[in-house]
Structure formats: structure tokens, C-alpha cells
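K.L.:
Plus 1 on top of the position in the sequence shown (first one is 1) and you've got our numbering.
Backbone N, C-alpha and C fix where the C-beta goes; we use that ideal spot for every residue, glycine too.
No experiment lies behind these values; they were computed from the predicted model shown.
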Amino acid sequence: MPPRIAVVGSANVDLTTFTDAFPRPGETIFGKAFDLGFGGKGANQAVAARLCGADVQMVAKVGNDLFGPATVKNFQSFGIDATNVHIEDGLSSGVAPIFVDKTGQNRIIVVKGANDSLRPEDVERAAPALQQADCIILQLEVPLSTVYHTIRFAKANRVRCLLNPAPGQPLDMKQVTQVDYLIPNESEAEAITGLPVRNPDEARQCAQRLIQQGLRQVIITLGATGALLANSGKAELIPSFPVNAKDTTGAGDAFIGSFAVFLAEGLAEAEATRRASLYAALSTTKVGTQKSFLQRPEFEKEWKKRAGS
Ligand code: RIB
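1) At a threshold of 6 Å, does VAL63 count as lining the ligand RIB (C-beta to nearest heavy atom)?
2) Could you check how far apart the C-beta atoms of VAL60 and ALA127 are, in whole angstroms? I think they sit under 8 Å.
3) In chain order, what residues of the same chain lie with their CB nearer than 6 Å to the CB of GLN132, ignoring the 5 residues before and after it?
4) If ILE184 and ILE239 are in contact, beta carbons under 8 Å, what's the gap, nearest whole angstrom?
5) Do you know whose CA, among GLN218, GLY215, LEU216, THR194, lies nearest CYS207's CA?
6) Assuming GLN58 and ALA134 are in contact, meaning their beta carbons sit under 8 Å apart, how far apart are those beta carbons, in whole angstroms?
7) Please identify the residue among GLY38, GLY43, GLU203, ARG51 whose C-alpha is closest to the C-alpha of PRO298.
8) Cβ of ASN13 within 6 Å of any heavy atom in the ligand RIB?
9) Can you tell me where the alpha helix (DSSP H) holding VAL148 begins and where it ends?
10) Could you check what DSSP says for ASN85 in three-state terms: helix, strand or coil?
11) Buried or exposed: which applies to LEU92, given that a residue is buried once 16 or more other Cβ atoms fall within 10 Å of its Cβ?
12) Could you check the C-alpha separation between ARG5 and PRO197 for me, to the nearest Å?
13) Can you list, in chain order, the residues of its chain with a C-beta nearer than 8 Å to that of LEU295? Leave out the 5 residues immediately preceding and following it.
14) Note down, in chain order, each residue of its chain lying with its Cβ closer than 6 Å to the Cβ of GLN214, except the 5 sequence neighbours on either side.
15) Just the C-alpha distance for THR249 and PHE154, rounded to the nearest angstrom, thanks.
16) Can you check the stretch 55-110 for any alpha helix (DSSP H) of at least 4 residues that lies completely inside it and give the ranges in chain order?
17) Might you give, ordered along the chain, the residues of its own chain that have their beta carbon closer than 6 Å to the beta carbon of SER293, omitting 5 neighbours on each side?
18) Using three-state DSSP, classify VAL160 as helix, strand or coil.
19) Looking at C-beta atoms only, is the number of pairs between the stretch 266-278 and the stretch 226-240 that lie closer than 8 Å three or more?
20) With C-beta atoms as the reference, is GLY41 less than 7 Å away from ALA12?
21) Cβ-heavy atom distance between LYS113 and the ligand RIB below 6 Å?
22) Since GLY40 sits in a beta bridge, which residues does DSSP pair it with?
23) If you scan the stretch 215-244 from start to end, which runs of the alpha helix (DSSP H) of 4 or more residues do you find wholly inside it?
Spelled out as C-alpha cells, the structure:
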């Protein structure tokens, strides 16, 4: 049986401009290239999980505009169950103008649109499907009240719950400590704890603070440096794999979606983290988010080549 993964979260359309420079106020400059694609942290994580072989359920809201119905079709084209993706009248779909510089690093502005209307009632409506899941994945591009409600739902129904606290913002730790895994990147970990995360040592201190606050498992992703896996007993830095990055957008989502699948397949955390690190690194070698994610057989080939490196 393939793992069953449910994602409660966002769906956006990404408008990506590749540019070496940024305009000053009042200035117009030329960008190098443009890419239009389906994105949103929740949707990207759902697609990554699906491409890694899971049965995936998406719970989301999109707008009744050009992008909304196309987003639903996109989920269906991947074989993701979009029964609980609703088109909301009178709202725009979520969009993300993204700017990628010559090093492949991104800067993103998210306009939440219909994502902001995903309510606890929508989660309750999807309850029969969510109760069947091996893992529920959450991020922060939908209202916090919905995120907290889903965390309580997962706990009450004994479904593993994984929170990617992105975009970073201060959180109610009483609610957040109920998740099984908290997986922030450096800036998101900093937004939650107020502690700087500029290197593995600072990541260790930050993870320790989160564990002291009551979290069971924390993984701080550190880009090309790797990922720090921490619980009350230990903190282990799992190095990343070297690649030629073209566009890092969505790499965190590739990590989260694939990690949920590897874990649900029964791999130990360190092994699941190592594999997810490679899955994420490989996604940066292509442009875009969902379209840069590998199918499982392609990933397995790369894993065989690089495991142990
Ligand atoms: O994590 C990358 C995603 O962040 C993009 O797809 C964009 O839509 C924003 O949600």
C-alpha cells in the first residue's frame, strides 16, 4: 500500500522573474527571463509527495479566476485527490511574484488571496479523508487558526503531523508543540525563537531551545549545508549533496513532501532526512517549483549513484 499523505495548505500561481539586479524606487529595468508555474508551499509539498509515490489528498481554497480552475486541474493531472480543493467566489487565487538572482537564490512575495479563507470548518468537512492519512502536512500560508485546528485534529485522531512553519512568523508554542515534526529553515527557526541561525552551531542552539519548549522532533534545513535533525537525546547534522543550483525555489517543499513519504514508508529519521536532502537538492538544478521535482524512479537512480558520497 502506498503511504497516504494529506496536505492542508496553500496553492499559488508563481510568477518568476530571473534577474541579476533589482530596481530602485521609480526605476524600470529589464529582467533576463520569466516563468509561470503552479506553486504554493502546500501544493508543492503535495506534488513532491505524489511524485515520490504517495496517495495524496489536498485540502485548499483557490479563487474563481483564471488560476483557480487551472490549479484544480493541475492537482488532478498529478493524480492528487482534489475533492477538498474548493473554488471560492469573489476572491483571487493565491499568487507569488518571485525573483531569482544569478546564484539561484530566490525572494518571494506571497499574496494569499483565497488561501486566507481556508477555515477550520473546511478541515472538518475533509475529516473522513484526513482520518485515513498516515501523515498530515501543514504550512503557514493559510490562517493560523486553521493550522492550530488541524494540529489538534491530527493529535485527536492519532495521525502523524508535520509542520513546516513557512513563511516564518511568531507562533503560539502551546499549539505548535503538539506536532510530531517541526521543520523550519534558518529564517523560519529564527522567526519562532528569536535566535539567529547562521551556521550549524547556532542551528543546534535554536533546535535545543525548541526542544526545551516541548517539541519532540525538530529538523532545521540549512540549504546547501544540509539539515540539522534534533530531538531531546541528540542533534545530528546531515550534510546536503553538491549540485549546480539554478533555482532554489520550492527546495524546502521538495524536502518536506519527500520526507513525509520516506518516513511513512518506515525509514528511520536520519535516513529519511538524507534522502529528502538529495530530493530537495536535485530540485534546485531545474527552474520552477513543481516542475523541478523528480519522479521516484529518477530519484532512485540518483540516490544509487550518490548514496554513501
Ligand atoms: O516555497 C516556494 C513557494 O513559496 C512558491 O511556490 C510560492 O508560491 C510560495 O508559496
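P.N.:
Well, looking at it:
1) Here the question's residue 63 lines up with position 62 in the sequence shown. Checking the Cβ of VAL63 against the ligand RIB gives no.
2) By 1-based counting over the sequence shown, the position of residue 60 is 59. By 1-based counting over the sequence shown, the position of residue 127 is 126. Yes, VAL60 and ALA127 are in contact; Cβ-Cβ is about 5 Å, under 8 Å.
3) By 1-based counting over the sequence shown, the position of residue 132 is 131. Excluding positions up to five away in sequence, the list reads ASN158.
4) To locate residue 184, count along the sequence shown from 1; it is residue 183. To locate residue 239, count along the sequence shown from 1; it is residue 238. For a cut-off of 8 Å, the C-beta gap from ILE184 to ILE239 is around 13 Å, too long to register as a contact.
5) Here residue 207 corresponds to residue number 206 of the sequence shown, with the count starting at 1. For the residues GLN218, GLY215, LEU216, THR194, the minimum Cα distance to CYS207 belongs to THR194.
6) Translated into the one-based positions of the sequence shown, residue 58 becomes position 57. Translated into the one-based positions of the sequence shown, residue 134 becomes position 133. Yes, they are in contact, since the Cβ atoms of GLN58 and ALA134 sit about 7 Å apart, within 8 Å.
7) Here residue 298 corresponds to residue number 297 of the sequence shown, with the count starting at 1. Looking at the Cα atoms, ARG51 is the closest of the given residues.
8) Residue mapping note: residue 13 aligns to position 12 of the sequence shown, counting from 1. Yes, the ligand RIB has a heavy atom inside 6 Å of this Cβ.
9) On the sequence shown, position 147 is the one that residue 148 refers to. Looking at the DSSP string, the run of the alpha helix (DSSP H) that includes VAL148 is 145-157.
10) For the purposes of this step, residue 85 is identified with residue 84 of the sequence shown, where counting begins at 1. Note: ASN85 maps to strand in three-state DSSP.
11) As a first step, residue 92 is located in the sequence shown; it is residue number 91 there, counting from the start. Classification of LEU92: buried, given that the 10 Å Cβ count is 16 or more.
12) For the purposes of this step, residue 5 is taken as the residue at position 4 of the sequence shown. For the purposes of this step, residue 197 is taken as the residue at position 196 of the sequence shown. About 36 Å.
13) One-based indexing of the sequence shown puts residue 295 at position 294. LEU52, TYR280, LEU283, SER284, GLU303.
14) As a first step, residue 214 must be located in the sequence shown, where it is residue number 213. Closer than 6 Å at Cβ, skipping near neighbours: MET174.
15) In the sequence shown, the residue the question calls residue 249 occupies position 248. In the sequence shown, the residue the question calls residue 154 occupies position 153. Roughly 33 Å separates the two Cα atoms.
16) 68-79
17) If you number the sequence shown from 1, residue 293 lands on position 292. If we look at SER293 and ignore the five residues flanking it on each side, its Cβ neighbours are SER284, LYS287.
18) Position 159 of the sequence shown, counted from the start, is the residue given in the question as residue 160. VAL160: coil per DSSP, three-state reduction.
19) yes
20) What you label residue 41 is simply residue 40 of the sequence shown in a count that begins at 1. What you label residue 12 is simply residue 11 of the sequence shown in a count that begins at 1. Yes. Within cutoff.
21) Counted from its first residue, the sequence shown places residue 113 at position 112. Because no heavy atom of the ligand RIB lies under 6 Å away, the Cβ of LYS113 does not count as near it: no.
22) The residue given as residue 40 occupies position 39 in the sequence shown. According to DSSP, GLY40 bridges with ASN13.
23) Within the stretch 215-244, no run of alpha helix (DSSP H) reaches 4 residues while sitting entirely inside it.
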